[in-house]
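Numbered by the working numbering, the letters in the sequence shown go through residues 194 to 315 in order.
What follows is a single structure, written as C-alpha cells, with notes after it.
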Amino acid sequence: MSNLTQKNEQRDRRSRRTRSRVHGTAERPRLSVFRSSQHIYAQVIDDDAGTTLAAVSSLTKELEGAVAEATKTDAAKKVGEAIAKACVAQGLKKVVFDRGGYMYHGRVSALADAARKGGLEF
Numbered sequence: 194m195s196n197l198t199q200k201n202e203q204r205d206r207r208s209r210r211t212r213s214r215v216h217g218t219a220e221r222p223r224l225s226v227f228r229s230s231q232h233i234y235a236q237v238i239d240d241d242a243g244t245t246l247a248a249v250s251s252l253t254k255e256l257e258g259a260v261a262e263a264t265k266t267d268a269a270k271k272v273g274e275a276i277a278k279a280c281v282a283q284g285l286k287k288v289v290f291d292r293g294g295y296m297y298h299g300r301v302s303a304l305a306d307a308a309r310k311g312g313l314e315f
C-alpha cells in the first residue's frame, strides 16, 4: 500500500467519524470542505433533504481570475468569502463546519476565517 493511499484512508476514517456527529439541517446546513493538492472546494449541504444549497471552489468562473496568481491559502480565503456571500444571499447565517477529516490549520482555517468574516456563524 502506498503512502498516499494510506493517508487518504486515514483522512476518510477521520471524516466518517466527524460525519457521525455533524449533520446539516435546513435551518443550519453543513459547510463541507474538500482540499486537493491544487484546489479547494466548499459546499453548503442540507443533509435532511440531501441537497446542496451552495457550492464554490477555486475553479469556479467567478474566482478563476482572482485565484490564478494567488497562493493556495489566498485562494482558500477567496473561496471562504464567496461561499459566505452565496449563503447570505440565500438567507443562511448559521452553518455547521465540516472540515472533512483535514487538520484545522492552513487552507482549511483560512477558508473558515474568511467565511466567518463574510457573515457566517459556526
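Ideal Cβ positions, reconstructed from N, Cα and C, are used throughout, including at glycine.
None of the values given here were measured: they were computed from a predicted structure.
- Remark: fewer than three beta-carbon pairs, one from each stretch, lie closer than 8 Å, so the segment 253-260 and the segment 213-226 are not flagged as touching.
- Residue range 244-250 is occupied by the beta strand (DSSP E) that includes L246.
- In the DSSP secondary-structure assignment, I233 is bridged to R228.
- Residue pairing by DSSP places K310 opposite no residue, since no beta bridge is assigned to it.
- Sixteen is the threshold: since fewer than 16 other Cβ atoms of the shown chains lie within 10 Å of the Cβ of G284, the residue is exposed.
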